[in-house]
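*Asks:* Structure in structure tokens, see below.
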Amino acid sequence: MVSFDSIAGIPYPPGMDWLDFNRLMLPQGASLIHASVVEHRGSAVLFLGESGTGKSTHSRLWLRHIPATSLLNDDCPALRLPHVYGSPWSGKTPCYRNEHFPIKAFVRLSQAPANHMRRLSTLEAFRALQPSFAPELASDTDLCDHLVALISRIIETLPVYHLACLPNEEAARLCHDTLYGNTQ
Amino acid sequence: MKIDSLFKLRQVADEWILLLQGQAGGEMTRVIAFNETSVMLWNEFHDREFTTEEVRDCLLGQYEVSPEAALRDATSWVETLKRYGVVR
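Chains W and U are the protein sequences, given in the same order.
To convert, note that position 123 of the first sequence is 1386 in the working numbering; the numbers rise steadily by one, no gaps.
To convert, note that position 26 of the second sequence is 728 in the working numbering; the numbers rise steadily by one, no gaps.
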């Protein structure tokens, strides 16, 4: 059993609700994010998207087809740039790793009849990232400002992509090769 | 007319964007990008009653443009904000 005394370096009061903990994290420059995260050769890729777009499915495609890949969290990891942290919340897949890795990229997924990946502009990246944070946070002006500042720092320091994809091996390979180069 | 105080202008990386704050979820994703002139006008008028003529005069004070061109730009700025529900 993995215990979480702290998450993203912030002391975690045992049993605290994830949304309350997120409110506590934001003024310290950290946040939870709705994402499935894989670790690959020492860095992490966050897959974003509405529920049902295939975040977990895409992570599983990486685990199956891309060597040296592991799952860090399948639902609700924590961000504290430049790292992403495992958490006690991992959705349907039990995966509670109290570890962190530097972030390689954020990838917003959508289902499509063909695989296509491209890097997003600032405005596109904002629209891609913002829905992945808890909507309840937007109702508080101060928290919302902290959240916008965090999203701004993400866009300034890390690449944000859109991957239109099928649930197949080629999609995982396209994503891997775009982020890490074709060097398996 | 007046700008709805729920809209906040925020800098995100290299862009200025207008956010609808205090709303749950997807509402905030309707993001409006602002250029330098719009940011200047926003800072001047976001917290008080104003008219299109005042916007025109503000543009005339900042840029070397004809009164006709300034009125056209002022009208366009106000109409755009009205269309997005920012100005009432």
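C-beta: ideal position from N, C-alpha, C; glycine also.
Rounded to whole angstroms, how far is the Cβ of W/Ser1294 from the Cβ of W/Asn1285, which I believe are closer than 8 Å?
*Replies:* 6 Å
*Asks:* Shorter than 7 Å from the beta carbon of W/Glu1419 to some beta carbon of chain U?
*Replies:* Yes, W/Glu1419 counts as interfacial toward chain U.
*Asks:* Go ahead and label W/Ser1402 buried or exposed: buried means 16 or more other beta carbons lie within 10 angstroms of its beta carbon, across all protein chains shown.
*Replies:* It counts as exposed.
*Asks:* Any idea which residues DSSP pairs W/Phe1364 with across the strands?
*Replies:* W/Val1347
*Asks:* Would you mind working out which of W/Tyr1348, W/Gly1272, W/Leu1282, W/Arg1327 sits nearest W/Leu1309, comparing C-alpha positions?
*Replies:* W/Tyr1348
*Asks:* I'd like the list of long-range same chain contacts for W/Lys1355, defined as Cβ closer than 8 Å, with 5 residues on each side in sequence excluded.
*Replies:* Ser1319, Asp1337, Asp1338
*Asks:* Look at the Cβ atom of W/Trp1325, then the Cβ atom of W/Thr1316, and state whether they are nearer than 7 Å.
*Replies:* Cβ atoms of W/Trp1325 and W/Thr1316: not closer than 7 Å.
*Asks:* Put U/Phe752 into one of helix, strand or coil per three-state DSSP.
*Replies:* coil
*Asks:* On the criterion of 16 or more Cβ atoms from any shown chain inside 10 Å, does W/Met1279 qualify as buried, or is it exposed?
*Replies:* Exposed: under 16 other Cβ atoms inside 10 Å.
*Asks:* Looking only at its chain, what residues have a beta carbon closer than 8 Å to the beta carbon of U/Val789, apart from the 5 residues adjacent to it on each side?
*Replies:* Within the same chain, U/Val789 has close Cβ partners Met703, Lys704, Ile705, Asp706, Val780, Leu783.
*Asks:* In chain W, which residues lie less than 7 Å from U/Glu717 when you measure between Cβ atoms?
*Replies:* Thr1385, Leu1386
*Asks:* Thinking just about the alpha-carbon of each residue, which of W/Ile1417, W/Ser1314, W/Ser1266, W/Val1370 is nearest to the one in W/Ala1427?
*Replies:* W/Val1370
*Asks:* Is W/Pro1340 buried or exposed, if buried means 16 or more other CB atoms sit within 10 Å of its CB?
*Replies:* Counting Cβ neighbours within 10 Å, W/Pro1340 comes out buried, since at least 16 surround it.
*Asks:* I want to verify the contact list: residues of chain W whose CB lies under 7 Å from the CB of U/Val733, in sequence order.
*Replies:* Leu1386, Phe1389, Arg1390
*Asks:* Taking the alpha carbon of W/Ala1388 as the reference point, which residue from W/Gln1374, W/Ala1368, W/Pro1398 has its own alpha carbon closest?
*Replies:* Residue W/Ala1368 holds the alpha-carbon nearest to the alpha-carbon of W/Ala1388 among W/Gln1374, W/Ala1368, W/Pro1398.
*Asks:* How far does the alpha helix (DSSP H) with U/Ala776 in it reach, from first residue to last?
*Replies:* 769 to 785
*Asks:* Could you confirm whether any beta carbon from chain U is found closer than 7 Å to the beta carbon of W/Cys1407?
*Replies:* W/Cys1407 counts as touching chain U.
*Asks:* Report the three-state DSSP secondary structure of U/Val741 (helix, strand or coil).
*Replies:* Note: U/Val741 maps to helix in three-state DSSP.
*Asks:* Buried or exposed, going by whether 16 or more other CB atoms sit within 10 Å of the CB of W/His1379?
*Replies:* exposed
*Asks:* Opposite W/Met1380 in the DSSP bridges: which residues?
*Replies:* W/Leu1426
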